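FYI, our numbering numbers position 67 of the sequence shown as 146, with every residue one higher than the one before it. Some notes on the structure that comes next.
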Amino acid sequence: MKDKLKAYLMLLPAGFFFLVFVLIPLFYTFYLSFFDWNMIKAHKKFVGLQNYLDLVQSPIFKTVLVNTFIYILLLLILNFVAPYILAYVLSIVVKKHKNFYRAAFFLPSLISLVIGSVLYTWILNPVSGPIAIILRHFDLALPIWSKTQGLVLVVISIITSWKAFGYNFIVILGGLSGIDESIIEAARLDGANSLQLFRDIALPASSATGLYIFIMTIVQGLQFVFTPIKVITQGGPSYASSSLIYHAYHEAFILYRTGLSSALSILTMLIFVFLLILEFKFVERGIYYEN
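Right, dumping it as structure tokens:
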């Protein structure tokens, strides 16, 4: 009994912060989603499910929802598939200067994404940026990507990946480095090429690490994408670069439609929960855990 009491006392600080900064805001957000309120009026007007109905019927919400799933797809390619392949190459194929490559790929993750967004804005400036200047020597022009629908999603995803890539790369590299070298050598003696090693040994053996990065890429990546949207495009042009998370911020703190923003936050959470349920149902079953 005494040991249980000690355990609960040790959990108490974490439980307190979880209650104050997660559970209470979550329930309060759910509560606000049924009201029309602008954070200034003393009284809130109860509107029931009207905020949810307005969202579902809004073409802006549909645009933002599609943008969000495009971000997820692009971030999975840039922050999950690409670091997996690169980590495999560095772990199993490359034999020299591994420490240099680790440091070089991880370094951008230490730099603020705000700084990265400003830096990329200068580099990709279609008039005075270094890439635009180089292209002009070949009679080419850099498009105004921040005002071009579709292209703006790709560039913002690249900027976000610049921040998240290094961490994902290091974690996957750690998972691949844990594979027994004798298994790799035995496969090579049997004539397995690099593609077969990656598909039949590296992927299954590191699948637990891969699952973690897969989830983090979706959840954390869409949190990170908020910063370049806020710094560079503010959701434009015409909501073409906005995501669900940024749009919730925009509704609450730019347009002061707190009830609509709360409803959007709840719907966003439900979408994330749905994605995680699908992931655990169809992906988790194929995961290999060593012990």
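Virtual Cβ for every residue (Gly too), placed ideally from N, Cα, C. Please read these numbers as outputs of a predicted model, since none were measured by experiment.
Measuring straight from C-alpha to C-alpha, what distance separates residue i and residue j?
{"i": "I238", "j": "A86", "result": "43 Å"}
{"i": "P138", "j": "A281", "result": "44 Å"}
{"i": "S240", "j": "D133", "result": "33 Å"}
{"i": "G208", "j": "H176", "result": "33 Å"}
{"i": "S320", "j": "N178", "result": "37 Å"}
{"i": "F109", "j": "I292", "result": "29 Å"}
{"i": "V145", "j": "M89", "result": "43 Å"}
{"i": "N370", "j": "L252", "result": "Per-residue confidence for N370 stands at a pLDDT of 49, beneath the threshold of 50, marking its modelled position as unreliable; no derived number is given."}
{"i": "A327", "j": "V160", "result": "29 Å"}
{"i": "I356", "j": "R267", "result": "38 Å"}
{"i": "L98", "j": "L219", "result": "56 Å"}
{"i": "L214", "j": "L230", "result": "18 Å"}
{"i": "L290", "j": "I263", "result": "22 Å"}
{"i": "S273", "j": "K174", "result": "14 Å"}
{"i": "P205", "j": "T288", "result": "39 Å"}
{"i": "Q228", "j": "P92", "result": "46 Å"}
{"i": "F95", "j": "L102", "result": "10 Å"}
{"i": "K360", "j": "I345", "result": "22 Å"}
{"i": "I333", "j": "K309", "result": "12 Å"}
{"i": "A271", "j": "L169", "result": "18 Å"}
{"i": "D115", "j": "F106", "result": "17 Å"}
{"i": "V143", "j": "S261", "result": "49 Å"}
{"i": "K123", "j": "L111", "result": "9 Å"}
{"i": "V352", "j": "M80", "result": "36 Å"}
{"i": "Q275", "j": "L349", "result": "38 Å"}
{"i": "I164", "j": "D82", "result": "46 Å"}
{"i": "I212", "j": "A183", "result": "26 Å"}
{"i": "P104", "j": "K120", "result": "20 Å"}
{"i": "H216", "j": "A265", "result": "52 Å"}
{"i": "Q136", "j": "T347", "result": "16 Å"}
{"i": "F100", "j": "D279", "result": "43 Å"}
{"i": "D269", "j": "I194", "result": "49 Å"}
Ignore the nearest five residues each way along the sequence and tell me which others in residue i's own chain have a CB closer than 8 Å to its CB.
{"i": "I190", "result": "K242"}
{"i": "M118", "result": "A331, Y335, T337"}
{"i": "Y246", "result": "F185, S188"}
{"i": "Q299", "result": "A243"}
{"i": "I294", "result": "L355, E358"}
{"i": "H128", "result": "Checking the sequence shown, residue 128 turns out to be Leu, not His. Only F113 meet the Cβ criterion."}
{"i": "K226", "result": "G315, P316"}
Would you grab the beta carbon distance between residue i and residue j for me? Rounded to a whole angstrom, and I think it's under 8 Å.
{"i": "L232", "j": "L153", "result": "7 Å"}
{"i": "Y325", "j": "F305", "result": "5 Å"}
{"i": "F277", "j": "P162", "result": "Their Cβ separation, rounded to whole angstroms, is 13 Å, which puts F277 and P162 out of contact at 8 Å."}
{"i": "L155", "j": "T296", "result": "6 Å"}
{"i": "L192", "j": "P307", "result": "7 Å"}
{"i": "L323", "j": "T147", "result": "5 Å"}
{"i": "F140", "j": "V126", "result": "At roughly 17 Å, the Cβ-Cβ gap does not stay under 8 Å, so F140 and V126 are not in contact."}
{"i": "G314", "j": "H329", "result": "6 Å"}
{"i": "A342", "j": "Y131", "result": "5 Å"}
Kindly list the residues whose CB is nearer than 7 Å to the CB of residue i, restricted to its own chain and excluding five residues on each side of it in sequence; keep chain order.
{"i": "I210", "result": "I202, L203, L221"}
{"i": "V234", "result": "L203, W224"}
{"i": "A166", "result": "F248, I251, L252, L255"}
{"i": "S196", "result": "I238, T306, P307, V310, I311"}
{"i": "Y150", "result": "L232, S236, L301, V304, S322"}
{"i": "V172", "result": "S273"}
In the DSSP assignment, what are the bridge partners of residue i?
{"i": "F114", "result": "F125"}
Who are the near neighbours of residue i in its chain, counting only those whose CB is closer than 6 Å to its CB and skipping five residues on each side?
{"i": "A284", "result": "I258"}
{"i": "T200", "result": "I311"}
Considering only residues of the region 181 to 216, which uninterrupted alpha helix (DSSP H) runs meet the minimum length of 4 residues and lie entirely inside it, listed in chain order? Here the runs fully enclosed are 192 to 202, 209 to 215.
Write down every uninterrupted run of the alpha helix (DSSP H) in the region 272 to 360 whose length is 4 residues or greater and which is fully enclosed by it, in chain order. The region 272 to 360 contains these whole alpha helix (DSSP H) runs: 273 to 276, 286 to 303, 323 to 332.
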